[in-house]
Amino acid sequence: MGRGRGKVEVRRIENSVSRQVTFSKRRRGLAKKARELAVLCDADVAMLVFSDKGRLHHFAAHASMERILGRYERYLLCEGGDVMEDRLEEKEGNMSYDHIKMRSRIEALQKSQRNLMGEQLESLTFREVLQLEHQIDTALRNIRSRKERFLVEQNSILEKEKAALDPSLHTKNSPASSTAAEVTLPNLNICAGDCDERGLPPATGLPGWMLRPPAIGQRGG
Numbered sequence: 001m002g003r004g005r006g007k008v009e010v011r012r013i014e015n016s017v018s019r020q021v022t023f024s025k026r027r028r029g030l031a032k033k034a035r036e037l038a039v040l041c042d043a044d045v046a047m048l049v050f051s052d053k054g055r056l057h058h059f060a061a062h063a064s065m066e067r068i069l070g071r072y073e074r075y076l077l078c079e080g081g082d083v084m085e086d087r088l089e090e091k092e093g094n095m096s097y098d099h100i101k102m103r104s105r106i107e108a109l110q111k112s113q114r115n116l117m118g119e120q121l122e123s124l125t126f127r128e129v130l131q132l133e134h135q136i137d138t139a140l141r142n143i144r145s146r147k148e149r150f151l152v153e154q155n156s157i158l159e160k161e162k163a164a165l166d167p168s169l170h171t172k173n174s175p176a177s178s179t180a181a182e183v184t185l186p187n188l189n190i191c192a193g194d195c196d197e198r199g200l201p202p203a204t205g206l207p208g209w210m211l212r213p214p215a216i217g218q219r220g221g
């Protein structure tokens with residue numbers, strides 16, 4: 001007599017790698033079963049699964065997830081056409097669908113932020129890692145471009161402030177100041193006894209005794 005298959009205890013998998021592998025396999029199997037149920041029985045099927053890392057996985061057949069969840073909410077409010085007061089009270093005490101969407105969105109953004117910080121990368125696929133790398137490269141290029149524009153703007157502001165505090169910087173480099181700086185000196189052509197063609201000493205502006213040649217007896221001392 002053959003032995004029957006014993007009951008396997010279901011409990012949490014302690015190893016994180018094994019747990020992630022099992023989650024991926026079981027999730028795909030669950031989605032396959034949900035898809036088969038929708039096709040075989042023409043049923044609206046929706047599946048929502050959150051991993052231990054907070055990542056959302058969902059599946060909807062024949063309709064969008066919003067439509068199926070909206071139908072579920074209407075069913076809670078109205079059953080058989082009659083409004084049930086207890087269902088209304090339960091809805092008021094629970095989180096609405098909009099709040100659920102907002103919470104899911106916040107969790108997804110938090111997960112994305114942790115990934116950008118280099119955290120919790122073990123749950124990402126190879127394609128998701130490539131997308132994350134592309135996002136980081138694009139962000140770095142934008143940051144460097146903004147930094148360069150900021151430095152140019154700051155340098156321009158500093159130059160304007162420096163010019164406002166020291167106006168002489170403008171006049172030193174202007175053409176008018178260069179022309180004014182060139183002082184024309186008189187032509188002091190000093191000669192000993194030389195005269196021009198008219199027999200007159202050159203017009204040097206010096207007194208005559210300075211231009212008169214020394215006496216013969218005074219030469220040589």
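Be aware that the sequence shown starts at 1, since it is given in full-length UniProt numbering, and climbs by one per residue.
By construction, the Cβ of each residue, glycine as well, lies at the ideal position given by its N, Cα and C atoms.
CB of Leu132 within 8 Å of CB of Leu124, strictly: Start at 1 with the first residue of the sequence shown, and residue 132 comes out as number 132. Start at 1 with the first residue of the sequence shown, and residue 124 comes out as number 124. Yes, the Cβ-Cβ distance between Leu132 and Leu124 is below 8 Å.
Residue of Ala108, Arg11 and Ala61 minimising C-alpha distance to Phe50: The sequence position of residue 50 within the sequence shown is 50, counting from 1. Selected option, being the one with the closest Cα: Ala108.
Continuous alpha helix (DSSP H) stretch holding Met65: start and end: Within the sequence shown, numbered from 1, the residue matching residue 65 stands at position 65. Met65 to Leu77 is the extent of the alpha helix (DSSP H) around Met65.
Best match in Glu122, Glu119, Glu128 and Met65 for proximity to Lys101 [C-alpha to C-alpha]: The sequence position of residue 101 within the sequence shown is 101, counting from 1. Among Glu122, Glu119, Glu128 and Met65, the Cα nearest to that of Lys101 is on Met65.
Contacts around Ser104, its chain only, beta-carbon distance under 8 Å, and the 5 residues preceding and following it disregarded: Along the sequence shown, read from residue 1 onward, the residue named residue 104 stands at position 104. Same-chain partners within the cutoff: Leu56.
Three-way DSSP call (helix, strand, coil) for Leu124 in this model: Taking the first residue of the sequence shown as position 1, residue 124 is located at position 124. Correct three-state label for Leu124: coil.
Endpoints, the beta strand (DSSP E) within which Ala46 is located: Position 46 of the sequence shown, counted from the first residue, corresponds to residue 46. Element bounds for Ala46: Ala46 to Phe50.
For Ala43, the nearest candidate out of Ala164, His62 and Gln154 (CA to CA): By 1-based counting over the sequence shown, the position of residue 43 is 43. The candidate whose alpha carbon is nearest that of Ala43 is His62.
Under 8 Å between C-beta atoms of Leu48 and His58: Taking the first residue of the sequence shown as 1, we reach residue 48 at position 48. Taking the first residue of the sequence shown as 1, we reach residue 58 at position 58. Yes, the pair counts as a contact, with Cβ atoms nearer than the cut-off.
CB of Lys53 within 8 Å of CB of Gln113, strictly: As a first step, residue 53 is located in the sequence shown; it is residue number 53 there, counting from the start. As a first step, residue 113 is located in the sequence shown; it is residue number 113 there, counting from the start. Contact flag unset, no.
Test item: CB-CB of Ala46 and Ala31 under 8 Å: Taking the sequence shown and counting its residues from 1, one reaches residue 46 at position 46. Taking the sequence shown and counting its residues from 1, one reaches residue 31 at position 31. It is not a contact, given that the beta carbons lie outside the stated cut-off.
Nearest-angstrom Cα separation, counted from Ile106 out to Arg144: Mapped onto the sequence shown, residue 144 falls at position 144. Mapped onto the sequence shown, residue 106 falls at position 106. If you take the alpha carbons of Arg144 and Ile106, they lie about 29 Å apart.
Endpoints, beta strand (DSSP E) assigned at Ala61: For the purposes of this step, residue 61 is identified with residue 61 of the sequence shown, where counting begins at 1. That residue, Ala61, is in no beta strand (DSSP E); it is neither H nor E in DSSP.
Close Cβ partners of Gln135 (< 8 Å) along its chain, the five nearest in sequence each way excluded: Your numbering for residue 135 matches position 135 in the sequence shown. For Gln135, where only same-chain residues beyond five positions count, the Cβ hits under 8 Å are Leu116.
Leu56 - partner residues in DSSP beta bridges: Numbered from its first residue, the sequence shown carries residue 56 at position 56. According to DSSP, which records beta bridges pairwise, Leu56 is partnered with Phe50.
Environment of Lys111 [buried if 16+ CB atoms lie within 10 Å]: Your numbering for residue 111 matches position 111 in the sequence shown. When all chains shown are included, Lys111 counts as buried.
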